[in-house]
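Written below as structure tokens is the structure these notes are about.
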Amino acid sequence: MDLQPILYQCSLFSRLTPTAMDALIKHITVREIKSGGVLFNEGDISDCMYIVATGRLRAVLDSGEVIGDIGRYEPVGEIGIIADESRSATVHAVRDSILLKLVRADLIRFISTHPKALIEMSRVMIARMRQASRDKALESARSVHTFAVIPASGDVDAHDFAERFSQALAQHDTVKLIDDVLIDAELGYGSSRKPFQEDEANARMMTMLGDIESKHRYLVYAAGGETDSWARRCMRQADRIIVVVDASKEPQMTPMLERLRSGGSARVPVDLVLLRPEGADAGNVLTWRECTHASAHYFLRPGNADDLEKMVRQLTGRGIGLVLGGGGARGFAHIGLLRALHELKIPVDLTGGSSMGGFFAALVACGYDYNEIAEIARETFVSHNYLNDYMLPMVALIRGRKFVNRLHDVFGERQIEHLRMPFFCVSTNLTRGTPMVHDRGPLYMWLACSMCVPGVAPPIAYRNELFVDGAVINSLPTDVMQAMRRGPIVASDVSTAGGDLSAPGIEGPDPEGLLRWNAPAKRPGLFSIIFRTATLTSESGTAARAARADAYVRMPVTGIALFDWKKMDEVVERGYRHAMEQLTPLRDSLLK
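Residue numbers (the UniProt record's numbering): 1 to 592.
Dropping the structure here:
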């Protein structure tokens, strides 16, 4: 293996002089690690660093939190050996990888004779540490290079899907489809199915695949219907594994899925693709996900290019995630944002929200356009008052039954996991004081939970605990969207800056100042006071949530009260004009 080109591709060593590079190479050794293997554990002594020559690694905390992926030409462990600190995370191989190893003693020896190298390395490491979490997340989502397409069973034509998937990928960058036919043509008949234990054959195969990877942005490995050596090879070479199933079939464990779950590839992220014609039932999605250990699923209508393109955007870190915040009538501004996205031709690939934002995000996920959403909103909040079933305030001011029934009328019996567009909403577990993300289950019910303002409507009881409005803890759940790692985030915030609830003209202290109100401004109402009190903690985190968005739009909703339903048209227009102003200069960066 020629080490110099690899080291020059690594940012840490890209600016070394030829003399320094020659000196560094003398200290480098090569190490192979199989898919699923552990490179080192959190807390281990930092005695060496690595550069990924081929393959992919993943850093995970003991808590299970994924820190990030380490791809080709990227270093791992460099900060620990320079700072002389223990390993900060456990690192394992996502796929079969070849690493360049540099032990700490040799690195110290190298930089003592080439001090300028330390300066360059420090510059790169400092720049990486200063990189915003938003940029790191986007970079990680776009670092996937290789996909393995496997059928759950032999009755699914996964090769046909792999071809169409490759064609869609080619719209973004260079792609190479690799199957057993290609391998046998290059290395001789039967080469694709030779066992891994044949070192010479395996070395030839790895060299060939590494050469192909160096020439293409994406590789798509297509497995057949048999659980043979080639299928195993596909899984072990993948950054992500795509399992293709027929949504109409009953979920069951098959030899292919057994192999997927038992091999080292179990550490590789798995995405489930369900072939589901227009109008067909979604099938038992959650059981299929359990069988495959899939972290996400996608519905594809045969021959529908738009479905395929949406999935490709998400798998390559280009999916546009829309996050809509809570805020009662101020949420009408989201409709204006949806119109702006439509006119700017910015697609929405997945969506989520909290409280009122969750309501509009759900309508988007159900396939309604902004005009239809405006009509549903007008019917729900302006033409009728579904929030007037008042009762003796033992636990809340209203019973909430009329509004829950209205949500059921709008969304019917839809299950969140059956929606063709990925969606989530957020509620607050009042019992535990923690957020709850809903990405499965009855859509109308979890929306009702996400919109349940404490004090206004009764908390929803579920499994012995109480749940209320998501905006109490997280009014703009960009953190949830970012964790999905699908691509850029557009966030629409309809919270106010804090001065909306005030008592102009009253010096006080006056405990009856609001009761003797004579200011020209509208007196703060009971619902607004309750909502403001309930969401103070959430609004304190606004800056952090905004920082996670690639396009953060804080809507101009000053002067709009929580239940100012009659001002819908004004708020929609404000939202549209502001969104056009904010998103137009960002459009190209969102779509690149």
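For every residue, glycine included, the Cβ atom is placed at its ideal position computed from N, Cα and C. Remember, predicted model here, so these are calculated numbers, not experimental data.
Margin query: Give me, in chain order, the residues of the same chain whose beta-carbon lies closer than 7 Å to that of H418; leave out the 5 immediate sequence neighbours on both sides.
Written below: Spatial neighbours of H418 in its own chain (CB-CB distance under 7 Å, excluding positions within 5 residues in sequence) are listed in chain order as A282, V285.
Next item on the list: Counting only the same chain and skipping the five closest in sequence on each side, list residues whose C-beta sits under 6 Å from that of residue 655.
Entry: For the chain, the structure presents residues 1 to 592; residue 655 sits outside this window and is missing.
Item checked: Rounded C-alpha distance that separates R485 from V66 -> Using only the alpha carbons, I get a separation of about 11 Å.
Margin query: For V323, count the other beta carbons within 10 Å of its own beta carbon; 16 or more makes it buried, fewer makes it exposed. Which is it?
Written below: Counting the other Cβ atoms within 10 Å of the Cβ of V323 gives 16 or more, which makes it buried.
Next item on the list: Can you say whether T434 is buried or exposed, counting buried as having 16 or more other CB atoms within 10 angstroms of its CB?
Entry: For T434, the number of other beta carbons within 10 angstroms of its own is below 16, and it is reported as exposed.
Check: Alpha carbon to alpha carbon, what distance is there between L272 and residue 595?
Finding: Residue 595 cannot be examined here, being either before or after the span of the chain that is shown, 1 to 592.
Checklist line | C-alpha gap between A203 and R259, whole angstroms | finding: One C-alpha to the other measures close to 23 Å.
Check: Any contact of the stretch 124-144 with the stretch 99-106, i.e. 3+ C-beta pairs under 8 Å?
Finding: No: fewer than three Cβ pairs fall under 8 Å.
Margin query: When you compare the stretch 74-84 with the stretch 30-38, are there three or more beta-carbon pairs, one atom per stretch, that lie closer than 8 Å?
Written below: With fewer than three CB-CB distances shorter than 8 Å, the stretch 74-84 does not count as touching the stretch 30-38.
Checklist line | As assigned by DSSP and simplified to three states, the class of T287 | finding: Reduced to three states, the DSSP call for T287 is helix.
Check: Based on the DSSP secondary-structure assignment, which residues constitute the bridge partners of S492?
Finding: Secondary-structure assignment with DSSP links S492 through a beta bridge to L324, V553.
Notebook entry, point to check: Which value, in whole angstroms, describes the spacing of the CA atoms of S265 and F165?
Noted result: Bear in mind that the predicted position of S265 carries a pLDDT of just 47, short of 50, making it too unreliable to give a figure here.
Check: What whole-angstrom Cβ distance do A23 and F110 have, given they're in contact under 8 Å?
Finding: At roughly 6 Å, the Cβ-Cβ gap stays under 8 Å, so A23 and F110 are in contact.
Notebook entry, point to check: Can I346 and R577 be called in contact, C-beta distance under 9 Å?
Noted result: No, the Cβ-Cβ distance between I346 and R577 is not below 9 Å.
Note to self: Report the start-end ranges of each beta strand (DSSP E) in the stretch 212-242 that is 3 residues or longer and not cut off at the edges.
What the structure shows: If you keep only unbroken beta strand (DSSP E) runs of at least 3 residues inside the stretch 212-242, you get 218-222.
Notebook entry, point to check: Quick one: what does DSSP say A377 is sitting in, helix, strand or coil?
Noted result: Residue state, collapsed to three classes: helix.
Check: So which of P459, G412, I416 has the shortest CA-CA distance to S429?
Finding: The question names Ser, yet the displayed sequence has Asn at residue 429. Nearest neighbour of N429 by Cα position, chosen from P459, G412, I416, turns out to be P459.
Note to self: Does Q415 pass the burial test, meaning 16 or more other C-beta atoms within 10 Å, or should it be called exposed?
What the structure shows: Its Cβ having fewer than 16 others within 10 Å, Q415 is exposed.
Next item on the list: Identify every residue that forms a DSSP beta bridge with C48.
Entry: Per DSSP, V103.
Note to self: For the structure I just gave you, are there three or more beta carbon pairs, one from the stretch 545-556 and one from the stretch 300-318, closer than 8 Å?
What the structure shows: Output reads no: the stretch 300-318 does not touch the stretch 545-556.
Next item on the list: Take every Cβ of the stretch 326-344, pair it with every Cβ of the stretch 403-410, and state whether three or more of those distances are shorter than 8 Å.
Entry: Because the criterion of three Cβ pairs below 8 Å is not met, the stretch 326-344 and the stretch 403-410 do not touch.
Next item on the list: Could you pull out every residue in the same chain whose Cβ sits closer than 6 Å to the Cβ of Y444, ignoring the five residues on either side in sequence?
Entry: Closer than 6 Å at Cβ, skipping near neighbours: L407, H408, F411.
Next item on the list: Assign Q482 to one of two classes, buried (16 or more other C-beta atoms within 10 Å of its C-beta) or exposed (fewer than that).
Entry: Classification of Q482: buried, given that the 10 Å Cβ count is 16 or more.
Next item on the list: Spell out a yes or no on whether the stretch 76-85 and the stretch 37-54 are touching, meaning 3 or more CB-CB pairs, one atom from each, closer than 8 Å.
Entry: Contact between the stretch 76-85 and the stretch 37-54 is present, because at least three Cβ pairs lie under 8 Å.
Note to self: Suppose you measure from the CA of A137 to the CA of N385; what does that come to, to the nearest Å?
What the structure shows: If you take the alpha carbons of A137 and N385, they lie about 42 Å apart.
Item checked: Assigned secondary structure, M421 (DSSP; H/G/I helix, E/B strand, else coil) -> DSSP places M421 in coil when its eight states are reduced to three.
Next item on the list: Confirm, please, whether the CB-CB distance from P422 to L350 is below 9 Å.
Entry: With respect to P422, L350 sits close: the two C-beta atoms are nearer than 9 Å.
Checklist line | When G43, G55, R58 are compared against E85, the one with the closest alpha-carbon | finding: Cα-wise, what sits closest to E85 is G43.
Next item on the list: Using only alpha-carbon positions, find the residue among G210, E163, V175, I212 that is nearest to G224.
Entry: The shortest Cα separation from G224 among G210, E163, V175, I212 belongs to E163.
Check: Nearest to residue 594 by alpha carbon, out of V181, P195, D155, I212?
Finding: Within the shown structure, residues of the chain are numbered from 1 to 592, placing residue 594 beyond reach of any answer.
Note to self: Could you check whether V149 and A141 sit closer than 9 Å to each other, using their CB atoms as the reference points?
What the structure shows: No. Outside cutoff.
Margin query: V382 and K215 - do their beta-carbons sit closer together than 9 Å?
Written below: The answer is no: Cβ separation not under 9 Å.
Note to self: Is the beta carbon of L363 closer than 9 Å to that of I376?
What the structure shows: Contact: yes.
Next item on the list: Indicate whether E120 and L7 have their beta-carbon atoms separated by less than 9 Å.
Entry: Cβ atoms of E120 and L7: not closer than 9 Å.
Next item on the list: Would you kindly check if the distance between the Cβ of A152 and the Cβ of T254 is under 9 Å?
Entry: One thing to note: T254 has its Cβ within 9 Å of the Cβ of A152.
Check: If we call anything under 9 Å between Cβ atoms a contact, is V220 one with L169?
Finding: For V220 and L169, yes; Cβs fall inside 9 Å.
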